[in-house]
Structure formats: C-alpha cells, structure tokens
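Using numbering that gives the first Met the number 0, read the sequence shown as starting at 0 and increasing by one per residue.
Backbone N, C-alpha and C fix where the C-beta goes; we use that ideal spot for every residue, glycine too.
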Amino acid sequence: MSITFTVAPPGRRHRPLRLAEAMRLGPTGLRPYFQPEENGGSEELERYAGRKTDEIISRLGISPYSGRGFEFTYQQGAYTVRVLTPSAPNDWRIALDFLSALARHFGASVVAENGDNFTAETITSFDYSGDIRAGLMAFLRSLESGNPAILVQGVNVDVSLNREILDHIFRSDSPANAFGDFVGPPQHTDAHFASQMAARAPDGSIQGLYTLTEGVDTVLPHSPTLPPHIRQQVGQESPVDWELALVGIDGPDDDPESFSSLGAVDFAAAFRALPPRKVSRFDADRIYIRGLNRADIRALLDSGRGA
C-alpha cells in the first residue's frame with residue numbers, strides 16, 4: 000500500500016535531474032538511504048547522488064527525523080514520489096515539502112494518483128491522516144487474521160510490530176504520532192545490533208551465540224531463533240543451546256587489546272537477570288540494552304551459574 004504523486008516538467012525535451020540536483024531543491028538535509036550492499040561511505044554516497052534520477056529509485060529522508068522515508072524516481076516524463084502506507088508524520092511532511100520544492104522549481108503542479116491537483120503552495124496541506132489510519136487498520140486486520148507480527152520497513156532497519164504494540168498505538172491520543180514514535184527512533188540509534196553465530200559442537204549439538212560488550216548499547220532478540228536457511232541445514236528438530244558471551248573493556252575502545260572475554264552464560268538466564276533500568280523494548284522481537292557496567296556483567300555471570 001502506498002500513495003504516489005507526480006510532478007511533470009513542462010516541455011517535451013527534459014533532461015532528468017541528477018539525484019544531487021533534486022535533493023538540493025530542499026528541504027534542507029535531504030539524503031538518500033542506501034541498501035546495505037550499496038553503503039560504501041561518503042565516496043559511494045557522492046557517486047550515487049551523481050546518478051540521473053531516471054536510472055535509480057531512491058529512498059530519501061532526513062536524519063534523525065525519517066522513519067520510512069519515501070521513494071523518488073523519474074519515469075515516463077514525470078518525477079514520482081511514493082509514500083508507503085502507513086508512514087510516520089515526519090515522512091509525510093518531508094515528502095510534501097520535497098514535492099512543493101519540485102513543483103516550484105519546474106513551475107508545475109503536483110498530481111496525486113487519484114487525479115487531484117495541487118500547487119507548490121497547497122501540496123504541503125495534503126491531509127495524510129486518513130492514509131496513516133488506513134495503514135494501521137490494515138495492520139490490525141493482518142494481526143487479527145493470525146499473523147503474529149508485521150515487519151515494517153524503515154530507512155535503516157526494519158522493525159517488528161505485534162498486537163500489543165499496535166493496541167498501545169491505538170490507545171494513544173494521536174495514533175499517527177505514536178506510530179511515528181515507534182518506527183522513527185530505531186532508525187537513528189547508535190546501538191550495536193548483535194550478530195548471531197551458530198555452529199555444531201563436537202558432540203553434535205547446535206550452539207548459538209550472541210555477544211554483549213561492557214558499556215556498549217546493544218540490541219538483542221527476545222528469543223533467539225535460527226534463520227530458515229541455517230535451520231534447514233541443521234535440521235528442523237535439532238535443539239539449539241543459546242549462550243550470551245560477555246566481553247569486558249579495559250582501556251581505549253579503539254584498541255583491540257582492551258577487550259577480553261569475561262565468560263558466557265545461558266541466554267535465557269542472562270535475559271531474566273538484566274537490570275530493568277537498562278532494558279527497554281526496541282520492537283516486538285528485540286530489546287534495547289543500555290551499556291552495562293562491570294557490576295552488571297558480574298550479575299549476569301552469577302545468574303548463569305545458578306541457571
């Protein structure tokens with residue numbers, strides 16, 4: 000689900016703008032968000048921004064405000080902006096400001112997919128509340144049909160939404176803003192997303208591992224599971240022994256010699272022993288852990304011994 004708008008430059012011979020040219024029209028801070036395989040730093044960003052808009056479909060937004068961003072390309076003689084349903088209010092405001100800038104630059108109107116026309120001045124008043132509400136209701140129907148969770152695409156990271164989170168959104172004074180608060184902040188966190196490691200031990204058992212480092216904000220799963228392709232390799236019925244490896248830092252964090260293993264504990268036991276003051280929900284499937292100190296880590300190690 001989405002809503003698409005177009006801006007068609009007048010004249011029959013139009014040279015499509017390069018992405019950098021389009022972004023300079025505004026609003027200030029507009030940037031592309033790359034897929035992981037494309038993200039090569041500032042040099043890669045510069046090359047990407049130099050491409051013509053008829054060659055790529057970009058996802059644009061502004062850090063740290065965008066949640067889902069919006070798609071932008073040039074096709075069939077018009078610039079196209081596509082806003083996903085539902086998107087956060089910030090995504091809508093940025094997309095509408097960009098459409099206004101495009102329309103003003105080309106002296107053209109903005110045409111919505113239903114045929115409604117807007118000027119550079121009136122497009123910023125487009126009422127997007129109904130689209131957000133329709134998207135949230137679609138989520139509700141999906142969850143009521145038996146889906147345990149919905150994966151919501153974000154500019155940097157996808158977030159999982161379940162019935163509990165959606166009910167909280169609907170109970171808020173502004174469900175649109177509450178959805179924005181759910182999908183937006185995770186896109187711009189500096190936390191480390193812990194990677195999963197799994198291997199078969201000499202005795203044939205499957206060992207799964209995540210790492211938690213002292214002082215580092217970390218995102219961990221509530222209940223670890225193997226990805227489908229790994230599960231297929233090891234067998235659907237093979238149990239997995241999940242552990243949490245704990246790493247200490249004694250010295251500068253840019254020096255590899257500063258890091259040392261403090262031990263490993265049963266994942267579920269460590270999860271139960273995490274200090275509540277440092278744990279918050281990231282999404283339906285993950286938790287956010289603010290950097291633990293050495294005393295916190297010792298408590299986790301003790302919990303593992305007692306498991």
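Please name the residue, chosen from R230, E213 and S259, that lies closest to A298 on a Cα-to-Cα basis. Nearest C-alpha to A298: E213.
I need the DSSP call for P220, collapsed to helix, strand or coil. DSSP, read as helix, strand or coil, puts P220 in strand.
With a threshold of 6 Å on Cβ separation, who are the neighbours of D216 within its own chain once the five nearest residues in sequence on each side are excluded? A190, R289 and G290.
For E36, which of helix, strand or coil comes out of DSSP? Its pLDDT being 46, under 50, E36 is placed unreliably by the model, and the measurement read from it follows with that caveat. E36 carries a helical assignment under DSSP once its states are collapsed to helix, strand and coil.
Note the first and the last residue of the continuous alpha helix (DSSP H) segment covering Y47. Its alpha helix (DSSP H) spans residues S41 to A48.
For S259, which beta-bridge partners are listed by DSSP? S259 is bridged to G247.
Just the Cα atoms here: how many angstroms apart are A272 and P223? Each residue's Cα considered, the two are about 16 Å apart.
Residue nearest to L18 in terms of C-alpha spacing, selected from F181, R58, I93 and S62: Selection F181, R58, I93 and S62 evaluated against L18 yields R58 as nearest (Cα-Cα).
For P35, count neighbouring C-beta atoms within 10 Å of its own C-beta (all shown protein chains included) and say buried if the count is 16 or more, exposed if not. Only weak support is given to the placement of P35: the predicted model assigns it a pLDDT of 42, under 50, and the value that follows is read from those uncertain coordinates. The residue in question, P35, is exposed, as its Cβ has fewer than 16 Cβ neighbours within 10 Å.
For P63 versus D130, is the C-beta spacing smaller than 9 Å? Against a cut-off of 9 Å, the Cβ pair of D130 and P63 comes out as no contact.
Coarse secondary structure for S141, derived from DSSP in three states: Here S141 carries a helix assignment [DSSP, helix/strand/coil].
Please classify N292: is it buried, with 16 or more other beta-carbons within 10 angstroms of its beta-carbon, or exposed? Per the 10 Å Cβ criterion, exposed.
Beta-carbon separation (whole angstroms), V158 vs D282, contact threshold 8 Å: Their Cβ separation, rounded to whole angstroms, is 4 Å, which keeps V158 and D282 in contact under 8 Å.
Quick check on N89: does DSSP put it in helix, strand or coil? Look at N89 here: in three-state DSSP terms it is helix.
Taking the straight line between their C-alpha atoms, what separation do you get for Y78 and V109? If I take the Cα positions, the gap works out to 10 Å.
Enumerate in chain order the residues of its own chain whose CB-to-CB distance from P15 is below 7 Å, with the five nearest sequence positions on each side excluded. By the criterion of a C-beta distance shorter than 7 Å, P15 is surrounded in its chain by K51, T52, D53 and Y73, once the five residues flanking it on both sides are discounted.
Straight-line Cα distance separating I56 from G49: Those two C-alpha atoms are separated by around 13 Å.
Measuring CA to CA, which of F181, R280 and S259 is closest to H221? The residue with the shortest Cα to Cα distance from H221 is R280.
Identity of the residue in R103, M0, V82 and P88 nearest P9 by Cα: By alpha-carbon distance to P9, the top candidate from R103, M0, V82 and P88 is R103.
Distance between P238 and A119 (C-alpha atoms, nearest Å): For A119 and P238, the gap between their C-alpha atoms comes out near 59 Å.
Count the other C-beta atoms from every protein chain shown that fall within 10 angstroms of the C-beta of T210, then say buried if there are 16 or more, exposed otherwise. Residue burial is scored here from C-beta neighbours: T210 has at least 16 other C-beta atoms within 10 angstroms and is therefore classed as buried.
I'd like to check one pair, A263 with E242: are the Cβ atoms closer than 9 Å? Taking 9 Å as the cut-off, the beta carbon of E242 is found closer than this to the beta carbon of A263.
Closer than 8 Å by C-beta to I229: which residues in its own chain qualify, once you throw out the five before and the five after it? Chain order, please. A197, listed in sequence order.
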